[in-house]
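Below is one structure, written out as structure tokens; comments come after it.
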Amino acid sequence: MSTPIITLDLHGMLREDAVKAIDRALRAADRTTYQIRLVHGFHRGTSLKNMILEEYRYHPKVLRIAPGDNLGVTVLVLREL
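So in the working numbering, the last one in the sequence shown is 87, and the numbering has no gaps at all.
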């Protein structure tokens, strides 16, 4: 996935499935990738958003976690531009 921004749609996924998808994207991210944009939604609760904050806060590839352009998006920043 040689792209600067990877976008993952996590709608409808269970926690375990979302973790697998995010981990797969992190493994696929190369030095040209600087963000993984996670679209999790917010109308059905914040369980995926909370999981992202818990599971990836200290991940070695994640520089920081930032809010997206709306409440249903969270961004894993892998490096600054």
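The beta-carbon is built from N, C-alpha and C at its ideal position, and this holds for glycine as well.
{"Query": "Distance between Tyr40 and Glu86 (C-alpha atoms, nearest Å)", "Result": "7 Å"}
{"Query": "Beta-carbon spacing of Met57, Arg33 below 8 Å", "Result": "no"}
{"Query": "Whole runs of the alpha helix (DSSP H) within the region 18-45, excluding any shorter than 4 residues", "Result": "21-34"}
{"Query": "Per-residue DSSP class, three states only, for Leu16", "Result": "coil"}
{"Query": "Neighbourhood of Val83 by C-beta, 8 Å cutoff - its chain only, sequence neighbours within 5 removed", "Result": "Tyr40, Gln41, Val68, Leu69, Arg70, Ile71, Ala72"}
{"Query": "Cβ distance (whole Å) where Arg63 is taken to contact Ile12 below 8 Å", "Result": "No, Arg63 and Ile12 are not in contact; Cβ-Cβ is about 19 Å, not under 8 Å."}
{"Query": "Same chain only: Cβ atoms within 6 Å of Met7, ignoring 5 sequence neighbours per side", "Result": "Bear in mind that the predicted position of Met7 carries a pLDDT of just 49, short of 50, making it unreliable; the figure below should be weighed with that in mind. Ala34."}
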